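I have placed the structure first, in the form of structure tokens, so that the comments after it can refer back to it.
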Amino acid sequence: MREVVWVVVVWGRILVGLSLATVGGVAFGHAWTTDQPPLWWVGAISLLTGALLVLSGLYARSHPPGVTPKVAAREEASEEGEPLVPLLGAILLHKYGWITQQQLNEALRQQREAHPGRRPLGEILVSMGAITGPQLEEALEHQHSLTREG
């Protein structure tokens, strides 16, 4: 049901925007050619409002609700020219879906505050109970396989 409402709202924006832009364009053109300043402004505003409605409808159409955009994982490379490898948190969150963004944020906060750069993120997530040891091993193996493929 929610998807149906979304489709109606998106296409409503687009259709109303097209109609408003068309009427605004005609009013703008008529007022411009007959030198009627009040209608000129009304037409121009209607045309712009219609165009914005169409653009917002097209944007909403390409970004459906409930779909979280994929965030590019921050990648780091060493000075020796090693290949870029996705960070463990991104692998656990986006590839496997074993942790939530809140769990990742909490683990990163703990890593920053307690032992900056000394305690591995995977160890923190296991101690929090967010993932198991075998899950950590699998994610690390995946991360290392990306390094070997790179």
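Numbering (numbering that gives the first Met the number 0), first residue to last: 0 to 149.
Quick reminder that beta carbons are idealized off the backbone N, C-alpha and C, glycines included.
Small disclaimer: the values here were computed from a predicted structure and weren't measured.
| Check | Outcome |
| --- | --- |
| CB-CB length for Ala26 against Gly42, believed under 8 Å | 3 Å |
| Check whether Leu103 and Gly88 have beta carbons under 7 Å apart | yes |
| Pro119 - DSSP class collapsed to helix/strand/coil | coil |
| C-beta contact flag for Leu143 and Ile90 at 7 Å | Sequence inspection shows His at residue 143; the Leu mentioned does not correspond to that position. Their beta carbons are not under 7 Å apart, which means His143 does not touch Ile90 by this criterion. |
| Between the CA atoms of Arg108 and Leu145 - distance to the nearest angstrom | 26 Å |
| DSSP three-state assignment for Pro63, whether helix, strand or coil | coil |
| Of the listed residues Thr21, Gly56 and Leu19, nearest to Val9 (C-alpha basis) | Gly56 |
| Residue span of the alpha helix (DSSP H) that contains Gly128, given as start and end | No alpha helix (DSSP H) contains Gly128, which DSSP labels as neither H nor E. |
| Start and end residues, alpha helix (DSSP H) containing His93 | Where His93 is concerned, there is no enclosing alpha helix (DSSP H), given that its DSSP letter is neither H nor E. |
| Option in Gln35, Val3, Trp31 and Leu47 with minimal Cα separation from Leu17 | Leu47 |
| Start and end residues, alpha helix (DSSP H) containing Ala17 | It should be pointed out that residue 17 corresponds to Leu in this sequence rather than to Ala. Start and end: Arg1 to Thr33. |
| CA nearest to the CA of Tyr58, picked from Ala20, Pro133, Gly96 and Val6 | Val6 |
| Exposure of Gln110, with buried meaning 16 or more beta-carbon neighbours within 10 Å | buried |
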